[in-house]
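*Asks:*
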Ligand SMILES: Cc1cc2nc3c(=O)[nH]c(=O)nc-3n(C[C@H](O)[C@H](O)[C@H](O)COP(=O)(O)OP(=O)(O)OC[C@H]3O[C@@H](n4cnc5c(N)ncnc54)[C@H](O)[C@@H]3O)c2cc1C
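Residue numbers (our numbering): 355 to 731.
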């Protein structure tokens with residue numbers, strides 16, 4: 355797929371930044387698990403939190419393909435850091451799709467500029483894949499809503515200033531769900547402990563606890579009962595971004611191992627001269643190329659507002675994340691024992707890849723969405 359001049363320029367800026375200033379710290383970010391604020395400030399300085407956001411709301415007004423390119427480059431260098439970009443897109447999404455002009459100006463602008471981080475709280479202890487079973491409640495009280503409930507696994511919770519909370523305003527499974535903006539510091543809002551994770555260890559994941567959190571009715575995004583539908587539309591636009599993240603992780607592993615097998619000698623020859631090794635590398639290259647096409651195509655379909663976005667977004671997310679898992683696992687294999695050692699980056703990439711098959715809808719859920727689109731109904 356050919357990139358436009360603008361897309362290629364954004365890709366180059368992101369690639370140089372990621373390789374020169376983010377990649378050198380990826381090991382440290384993984385080992386310490388510290389939130390990568392320094393990287394986040396660098397990304398903000400380049401406008402990378404608002405690549406696809408219109409200039410009127412603090413973004414750089416480029417397209418979704420450019421956004422995917424930036425996430426891919428950052429993920430190839432440091433997956434933990436790329437999660438800040440994908441999560442910001444998830445937090446901005448409900449505003450771009452359902453918010454009033456006033457809400458967009460007030461909240462999207464600082465998010466797109468990267469001045470503050472945002473989180474989106476959907477998942478609960480009893481509601482993961484089945485979003486429609488959430489139990490967090492928002493009770494109307496005069497001109498306010500009072501929120502009570504607990505969200506789990508919320509990315510950037512505790513670090514973010516702006517939270518989009520998915521809550522129940524009536525018993526109807528889907529039409530009883532609404533979206534609320536909760537600002538950090540609002541009385542009754544607190545966070546659980548930082549989760550100790552397998553991968554993306556520099557990214558912060560915490561529970562969000564809501565105890566009689568009072569927000570004015572103006573903090574609702576869209577109308578009462580529109581929350582589920584807005585979120586499903588948001589996922590259609592953010593899943594290719596998770597795909598881009600997975601693509602970046604796969605590419606990072608592939609680039610590393612390709613050079614390694616040229617250097618490593620066994621049986622008097624470079625590993626790259628063995629046909630079985632070549633076949634593994636060729637499979638990696640094909641899977642990465644196919645992921646790239648799916649991710650860029652889904653992103654372009656979003657830009658063009660083409661029909662079929664739900665199908666292609668799910669395909670891009672599912673295929674690219676399965677590829678990331680396969681490619682990183684095979685890359686570890688090709689390094690032999692060294693692949694298993696923390697001194698080298700591949701075991702980190704393999705751990706980081708796993709989450710892309712799980713969040714923003716597991717890959718089983720993506721396959722259900724794909725089947726539904728193909729079969730109709
Ligand atoms: C690091 C991390 C960050 C996250 N960030 C966020 C965030 O910022 N905001 C947020 O709201 N959530 C976030 N999540 C939550 C994430 O989206 C959920 O974990 C995910 O959607 C799966 O939900 P679950 O964990 O409850 O698993 P479950 O829904 O319990 O699923 C368990 C297994 O059953 C399978 N399964 C479930 N239903 C079906 C079915 N109908 N058919 C076939 N298989 C099925 C699933 O695919 C999975 O393999 C995050 C999670 C993690 C681990």
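The C-beta atom is built at its ideal place from N, Cα and C for all residues, glycine as well. None of these values were measured; they are calculated from a predicted model.
Say yes only if the C-beta of residue 482 is nearer than 6 Å to one or more non-hydrogen atoms of ligand 1, and no if none qualify.
*Replies:* Under cutoff, so the answer is yes.
*Asks:* Which residue comes first and which comes last in the alpha helix (DSSP H) that contains residue 650?
*Replies:* It spans 629–657 - the alpha helix (DSSP H) in which residue 650 sits, taken as one unbroken run.
*Asks:* With a threshold of 6 Å (Cβ to nearest heavy atom), would residue 620 be considered close to ligand 1?
*Replies:* The answer is no for residue 620.
*Asks:* Does the beta carbon of residue 347 fall short of 6 Å from some heavy atom of ligand 1?
*Replies:* A question about residue 347 goes unanswered here, because the residues of the chain that appear run from 355 up to 731.
*Asks:* Quick one: give me the first and last residue of the alpha helix (DSSP H) that residue 706 is part of.
*Replies:* Counting along the chain, the alpha helix (DSSP H) containing residue 706 begins and ends at 700–710.
*Asks:* How many Å lie between residue 624 and residue 720 at the Cα?
*Replies:* So the two alpha carbons sit approximately 40 Å from each other.
*Asks:* How would you call residue 647, buried or exposed, if buried means at least 16 neighbouring beta carbons within 10 angstroms?
*Replies:* Counting Cβ neighbours within 10 Å, residue 647 comes out exposed, since fewer than 16 surround it.
*Asks:* What residue does the alpha helix (DSSP H) around residue 673 start on, and which one ends it?
*Replies:* Counting along the chain, the alpha helix (DSSP H) containing residue 673 begins and ends at 663–688.
*Asks:* Do residue 519 and residue 534 count as a contact pair if the criterion is CB distance below 7 Å?
*Replies:* In this structure, residue 519 lies closer than 7 Å to residue 534 by Cβ.
*Asks:* How is the alpha helix (DSSP H) around residue 449 delimited, first residue to last?
*Replies:* Where residue 449 is concerned, the enclosing alpha helix (DSSP H) stretches over 433–452.
*Asks:* Going along the chain, which residues of its own chain have a beta-carbon closer than 8 Å to the beta-carbon of residue 584, five neighbours each way excluded?
*Replies:* 448, 451, 452, 533, 575, 576, listed in sequence order.
*Asks:* Could you have a look at residue 369 and say whether DSSP puts it in helix, strand or coil?
*Replies:* Looking at residue 369 - three-state DSSP - the assignment turns out to be helix.
*Asks:* I'd like to know whether the C-beta atoms of residue 369 and residue 427 end up nearer to each other than 7 Å.
*Replies:* A contact, by the Cβ cut-off of 7 Å.
*Asks:* Taking 6 Å as the cut-off, is the C-beta of residue 540 nearer than that to any heavy atom in ligand 1?
*Replies:* No, since every heavy atom of ligand 1 falls outside the 6 Å radius drawn around the Cβ of residue 540.
*Asks:* Cβ of residue 516 versus every heavy atom of ligand 1: is any distance shorter than 6 Å?
*Replies:* Every heavy atom of ligand 1 is 6 Å or more from the Cβ of residue 516, so no.
*Asks:* Taking a contact to mean a Cβ-Cβ separation below 7 Å, would you say residue 531 touches residue 582 in this structure?
*Replies:* Yes. Within cutoff.
*Asks:* At a cut-off of 6 Å, would you count residue 356 as near ligand 3, judging by its Cβ distance to the nearest heavy atom?
*Replies:* Although ligand 3 was asked about, the structure shown includes only ligand 1 as ligands.
*Asks:* Closer than 6 Å to a non-hydrogen atom of ligand 1 - does that hold for the CB of residue 711?
*Replies:* No; taking the cut-off as 6 Å, the Cβ of residue 711 has no heavy atom of ligand 1 nearer than that.
*Asks:* Any heavy atom of ligand 1 closer than 6 Å to the beta-carbon of residue 519?
*Replies:* Answer for residue 519: no, Cβ out of range of ligand 1.
*Asks:* Are the CB atoms of residue 398 and residue 468 within a distance shorter than 7 Å?
*Replies:* A contact, by the Cβ cut-off of 7 Å.
*Asks:* With C-beta atoms as the reference, is residue 556 less than 7 Å away from residue 671?
*Replies:* No. Outside cutoff.
*Asks:* Tell me the DSSP secondary structure of residue 357 in three-state form.
*Replies:* Note: residue 357 maps to coil in three-state DSSP.
*Asks:* Helix, strand or coil for residue 599, going by three-state DSSP, please let me know.
*Replies:* In the structure shown, residue 599 sits in a helix (DSSP, three-state: H, G or I).
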